[in-house]
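Take the sequence shown: its position 110, counted from the start at 1, is 112 in this note's numbering, and no numbers get skipped.
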Amino acid sequence: MVGTNSAPLPALDPLLYREQAESRARNWERFQRLFRRYDVILSVTAQRIAAPVEEWERAWTVDGPTFPGGSFAPVYCSHTMIFNWLGFPAVTVPCGFVDGLPVGLQIAAWHGREDLVLRVAEAFQQAFPRDEHPAVS
């Protein structure tokens, strides 16, 4: 067994499964239309800057069930999860700091265009090199 969670998974809800499959299909179609017009999509990697360790720990454990969907993951990782869910290649590169904390630029492309994602990432990093690091306490 991988990981430390030995509890069995709950039974699959067929209605929820169908709703999720339909939602994925709708999102796939939306992105398909976008990628007909644009080669890549650029976005921030995460919609929040990093929180203090205690707040971070609480969000992923104790407070997790209070977030929409019962987990902090969709709140913090929404920009990356959508591309993972749909199977589109995406990469993040450092692009600066907000309140002394690093932020990333996410670059995503149509299914199978890993080459394009990596070329754009390399071009961005060459055009905007980032050598600084956040302060560590």
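Just so you know, even glycine gets a beta-carbon here, dropped at the ideal spot from N, CA and C.
Asked                                                                                                            : Found
Cβ pair T47, Q108 closer than 8 Å                                                                                : yes
Closest residue to R50 among W58, L44, W30 (Cα-Cα distance)                                                      : W58
Buried versus exposed call for V122 [16 or more other C-beta atoms within 10 Å across all chains shown]          : buried
V138 versus F85, P54, Q128, residue with shortest Cα-Cα distance                                                 : P54
Nonlocal neighbours in the same chain, by C-beta distance under 6 Å from V77, ignoring five residues either side : F69
Between the CA atoms of G72 and W62 - distance to the nearest angstrom                                           : 10 Å
Collapsed DSSP secondary structure at I51 in the structure displayed                                             : coil
Straight-line Cα distance separating Q22 from F126                                                               : 35 Å
Segment contact, 8 Å Cβ cut-off, at least three pairs: the region 12-32 with the region 94-105                   : no
For A129 and N86, the rounded distance between their alpha carbons                                               : 27 Å
Sequence-distant residues of its chain with Cβ nearer than 6 Å to R20 (five each side left out)                  : none
Check whether A110 and F90 have beta carbons under 8 Å apart                                                     : yes
Beta-carbon separation (whole angstroms), P131 vs G102, contact threshold 8 Å                                    : Not a contact, Cβ separation roughly 19 Å.
For G114, the nearest candidate out of E124, V42, G66 (CA to CA)                                                 : V42
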